[in-house]
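Chains A and B are the protein sequences, given in the same order.
Everything in the first sequence is counted per my numbering, starting at 492 for the first residue and increasing by one.
Everything in the second sequence is counted per my numbering, starting at 6 for the first residue and increasing by one.
First comes the structure, then the notes that go with it.
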Amino acid sequence: MTPLFAALDTQALTQYLINGLSYGMLIALVALGYTMVYGIVELINFAHGDLFMLGAFLGWTIITAVFKVSPDDAVLGPVALLVCFVIVPAFCGLLNFSVDRVIYRPLRKAPRLAPLVSAIGVSFIFQNLGLFWGGPQDVDFPKLVSNKNLLGLDATVRFTYQDLLVVGVTIPLMIALTVFVKLTPLGKAMRATAQNPTAAQLMGINTERVIATTFILGGTLAGFGAMIYGLTINSIHYQMGFLVGLYAFTAAVLGGIGNIPGAVLGGLLIGLVRSLGSAYVGERWTGALIFAMLIVVLVFRPAGLLGARVREKV
Amino acid sequence: MPFRVLPVLVLVAVASAGFAVPQPEAVGRPDVIKIVSSLPRTGSARGQTDTIVAGIRLALHEVDYKLALNGTPYRIEYLDLDDANAAAGQWTAENEISNAVLASRDPDVMVYIGTYNSSAARISMPILNKSHVLMVSPANTAPELTKPGAGGKCEPNCYRPSGEVNYVRVVPTDDLQGSLAAEWAQDLGARKVYILDDTETYGQGVANLFEAHARKIGMDVLGHESIDLKGAEFSALMTKIKTKNPDLIYFGGTTQTKASQVLKDMVKAGMDKCKFMAPDGCHEETMITQTGADILVPGRFYATFGGLTTDRLAVGAGKVFVNKYKELYGKEPSEAYAVYGYECGRVALEAIRRAAKKDRQAILEAGRSIANFDGAAGVKWSFDANGDTTLQMMTGSTVQMVKEDGKDVPHLRWAHDLLPRTTK
Chain A
492 MTPLFAALDT QALTQYLING LSYGMLIALV ALGYTMVYGI VELINFAHGD LFMLGAFLGW
552 TIITAVFKVS PDDAVLGPVA LLVCFVIVPA FCGLLNFSVD RVIYRPLRKA PRLAPLVSAI
612 GVSFIFQNLG LFWGGPQDVD FPKLVSNKNL LGLDATVRFT YQDLLVVGVT IPLMIALTVF
672 VKLTPLGKAM RATAQNPTAA QLMGINTERV IATTFILGGT LAGFGAMIYG LTINSIHYQM
732 GFLVGLYAFT AAVLGGIGNI PGAVLGGLLI GLVRSLGSAY VGERWTGALI FAMLIVVLVF
792 RPAGLLGARV REKV
Chain B
6 MPFRVLPVLV LVAVASAGFA VPQPEAVGRP DVIKIVSSLP RTGSARGQTD TIVAGIRLAL
66 HEVDYKLALN GTPYRIEYLD LDDANAAAGQ WTAENEISNA VLASRDPDVM VYIGTYNSSA
126 ARISMPILNK SHVLMVSPAN TAPELTKPGA GGKCEPNCYR PSGEVNYVRV VPTDDLQGSL
186 AAEWAQDLGA RKVYILDDTE TYGQGVANLF EAHARKIGMD VLGHESIDLK GAEFSALMTK
246 IKTKNPDLIY FGGTTQTKAS QVLKDMVKAG MDKCKFMAPD GCHEETMITQ TGADILVPGR
306 FYATFGGLTT DRLAVGAGKV FVNKYKELYG KEPSEAYAVY GYECGRVALE AIRRAAKKDR
366 QAILEAGRSI ANFDGAAGVK WSFDANGDTT LQMMTGSTVQ MVKEDGKDVP HLRWAHDLLP
426 RTTK
């Protein structure tokens, strides 16, 4: 229906870019969890998206059942938000750590397929937990962060408090993660383990501790992502982890799996393609466009956009 | 040792549970007539189907689950089957097939009340048609199930392999709902509309009918596109629609196909003056709770319903039904389809009574020729040659704030009677 080269409306274009980047940052937060775990133990943790979903349900329960916040409550709202932003990431980090400790760790020396299939199993368990928790229908997530336009009430381009929340939480997190991985001893140990776990062990690095840290970090980021998702999209569903997980995994592959800036770049690209594709091609083609982009990138750069060409380990 | 015995025990238990599943009886009981219903009893349509089943039970309760045919007393048994499962959250083909097969194999089953979803009816209609079971739907609105020319080339004959009509419905079809919705939108002051649909039979069908009629009555249709059902949010789509500045967005779809997310993103994109209209797939309380009070300000959300809603009934001749329902259950029906469940129960009983014997073919013929029937809504109606009701009145509802425990709680309330303009 929409002409592919409609006269470019710069204001609308700006809006598409804002929407796309905002959604992309959310995808990037989840993608980091995939890529970090893959980088360290070469496991595609399919349960990651569903972990994210459980985080969102926990946030919803804290807000609606524990604090019983009504949307216009000026005092209780921010308090509940603060509590959620502490408890939900902590819960997701702890849960991810426990899954690794109980399910993946005994399989560390097993063939690669064993933990992969176990991850799919964990994903199903989490989805069913979500089904019991929230029921089969969409659940309304309280709109605690206002949708007011920061650029003035009458401005055509909208940059809302919700967009500010996405930027204000995601960017500091990414900076903190980069600083952690680049500058701290544990971060250095992580990079060493990713490069060569046996050599790292020989150098006296406790690789199991490094792996546990990675799972905790990935889960924590997913927890932040879950809160942002709930507060900006305002509907949560027990199967939402599948779709977000799929996009996040795609983002990780797009950027080069195992590569932290790559996952962020992949997430942002997916957000932009989704938004611009919906605007200039048609809403129903967005899924096809994202995966077409993935195929094209992988044909020309099989290791992903920022992925290094690693020699096959012998 | 116990660890070696345990798995064996578990397997034995599971296998014997499989054998214990009741098989349909080959020989029926001579003094029993069974009426079954097949509706999505788990998932988000649960609220609607709870009241449909309550309506059916009310009709059976009125005759005390007994009928005398030519002096022979019969007991009426009612079976409430589920065509959904918890994992899917909505109807599934497997569940619907198994219900239809169960009903046709059981010689005591004379009437099959269902389905709720039009797509589910496509599956059970041919099965029941071959075994000559009268099928009465309280909620299917897709026109092509009964009307020649409304759908594909084979429709509706492919649903009738035996060549005769065994399917009747007590609700008006979507071809009427789409055009009545367009007329109502115009009456509400909308000049420029944007149409969205969910790509499904029901949603896309009603959206296409809305579009055709909107153009016919001179409204400006700015665009019509399908949403990506797998999309989590639609802010980019809404930004695009915003640049075209419509007065009203029509969404052909249901609560289960993202209606509330589309509405939320419309408001989020800054279209706070734009109205949002949807068909009866969204005419339910779930839609309200999923969307939230802050989005549903008065004058924003409108839903049409292919019949008369409970609160509309209560101000007219239908209040007899509402009172009977209240007397039996102690509360008013919370969802609009209750009266159609009741109507289905009465149609089933009437067909059996008119046939005056326990015979599928006779009951089927008596059922589809019901005419001048005293409807629960207080209006007389008949089944036409296709099995459709001649009742044509529909309801337009909007959100009103109702005080509950000192708080304003949004509810869908009757706002407007929808009648074709020519007959007004």
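Positions of the beta carbon are idealized from the N, C-alpha and C atoms, including for glycine.
Every value quoted in this text rests on a predicted model; they were computed, and no experiment measured them.
8 Å Cβ cutoff met for L333 of chain B and F326 of chain B: Not in contact: L333 of chain B and F326 of chain B (Cβ atoms no closer than 8 Å).
Interface partners of V735 of chain A on chain B, CB under 9 Å: By Cβ distance, chain B contributes A237.
Beta-carbon proximity of V58 of chain B to S42 of chain B, cut-off 8 Å: Going by C-beta atoms, V58 of chain B is nearer than 8 Å to S42 of chain B.
In chain order, each beta strand (DSSP E) run of at least 3 residues that lies wholly inside the stretch 50-129 of chain B: The DSSP assignment places complete beta strand (DSSP E) segments of no fewer than 3 residues inside the stretch 50-129 of chain B at 71-74, 77-87, 114-118, in order along the chain.
Secondary structure, alpha helix (DSSP H): runs of 4+ residues fully inside the stretch 248-292 of chain B: For the stretch 248-292 of chain B, whole alpha helix (DSSP H) runs of length 4 or above, ordered along the chain, are 264-273.
Complete alpha helix (DSSP H) runs within the stretch 745-786 of chain A (minimum length 4 residues, chain order): 751-771, all fully within the stretch 745-786 of chain A.
Sufficient close CB pairs (3 or more, under 8 Å) joining the stretch 738-757 of chain A to the stretch 525-541 of chain A: Contact between the stretch 738-757 of chain A and the stretch 525-541 of chain A is present, because at least three Cβ pairs lie under 8 Å.
Residues in the stretch 585-608 of chain A having any Cβ partner in chain B nearer than 7 Å: So nothing in the stretch comes that close.
Residue-chain proximity (K273 of chain B, chain A), Cβ-Cβ < 8 Å: Taking Cβ atoms only, chain A reaches closer than 8 Å to K273 of chain B, which makes this a yes.
Beta-carbon neighbours of I232 of chain B, restricted to chain A and to distances below 8 Å: Neighbours of I232 of chain B on chain A, chain order: E774, R775.
Contact under 8 Å by Cβ, T705 of chain A with L656 of chain A: At least 8 Å separates the beta-carbon of T705 of chain A from that of L656 of chain A.
DSSP three-state assignment for S402 of chain B, whether helix, strand or coil: Of the three classes helix, strand and coil, the one that applies to S402 of chain B here is strand, per DSSP.
Own chain partners of P29 of chain B with C-beta closer than 8 Å, once the 5 adjacent residues on each side are dropped: Its pLDDT being 49, under 50, P29 of chain B is placed unreliably by the model, and nothing is read from it.
Test: S265 of chain B CB closer than 8 Å to a CB of chain A: So, interface residue.
Whether D316 of chain B touches W419 of chain B by CB criterion (8 Å): Yes, Cβ-Cβ distance for D316 of chain B and W419 of chain B is below 8 Å.
Under 8 Å between C-beta atoms of H416 of chain B and W189 of chain B: No, the pair does not count as a contact, with Cβ atoms beyond the cut-off.
C-beta contact flag for N171 of chain B and A361 of chain B at 8 Å: In this structure, A361 of chain B does not lie closer than 8 Å to N171 of chain B by Cβ.
Reference N134 of chain B, options B:V116, B:T291, B:R165, closest by Cα: Checked all of B:V116, B:T291, B:R165; the closest Cα to N134 of chain B is B:R165.
Close beta carbons around G768 of chain A, own chain, < 7 Å, minus the five adjacent residues each side: These residues qualify, in order along the chain: W776, T777, L780.
Beta-ladder partner(s) of S726 of chain A, from DSSP: Residue pairing by DSSP places S726 of chain A opposite A:D631 in a beta bridge.
Chain-ordered chain B contacts of M731 of chain A [CB-CB under 7 Å]: Listed by position along chain B, the residues whose Cβ is nearer than 7 Å to that of M731 of chain A are A237.
Neighbour flag for Q692 of chain A against chain B, beta carbons, 8 Å: So no, Q692 of chain A is outside the interface.
Whole-Å CB distance - L622 of chain A paired with A91 of chain B, under 8 Å assumed: So it is a contact: roughly 7 Å between Cβ atoms.
6 Å Cβ shell around A64 of chain B - same chain, five flanking residues per side excluded: Cβ within range, chain order: Y347, G350, R351.
Cβ contact (3+ pairs, closer than 8 Å) linking the stretch 249-262 of chain B and the stretch 200-217 of chain B: The stretch 249-262 of chain B, when compared against the stretch 200-217 of chain B, does touch it at the 8 Å Cβ threshold.
Own chain residues within Cβ distance below 7 Å of A343 of chain B, not counting five before or after: Contacts found: T56, I57, A59, G60, T315, Y330.
Classification of N687 of chain A by the beta-carbon crowding that lies within 10 angstroms, buried from 16 upward: So N687 of chain A counts as exposed.
Segment limits, beta strand (DSSP E) that includes H421 of chain B: 412-423 is the extent of the beta strand (DSSP E) around H421 of chain B.
Endpoints, beta strand (DSSP E) assigned at T309 of chain B: Here the beta strand (DSSP E) through T309 of chain B covers 306-310.
Own chain partners of V701 of chain A with C-beta closer than 6 Å, once the 5 adjacent residues on each side are dropped: Non-local beta-carbon contacts of V701 of chain A in its own chain, meaning distances under 6 Å to residues more than five positions away in sequence, involve A680, M681, T684 in chain order.
Test: Q628 of chain A CB closer than 8 Å to a CB of chain B: At least one C-beta of chain B is nearer than 8 Å to the C-beta of Q628 of chain A.
Neighbourhood of V574 of chain A by C-beta distance below 7 Å, restricted to the same chain and skipping five residues each side: Closer than 7 Å at the Cβ level, and outside the excluded window around V574 of chain A, lie I553.
Extent of the continuous alpha helix (DSSP H) run through V657 of chain A: That run of the alpha helix (DSSP H) goes 652-674.
Where L242 of chain B meets chain A, residues with beta-carbon distance less than 7 Å: For L242 of chain B, the C-beta contacts it makes with chain A under 7 Å involve S769, E774, in order along the chain.
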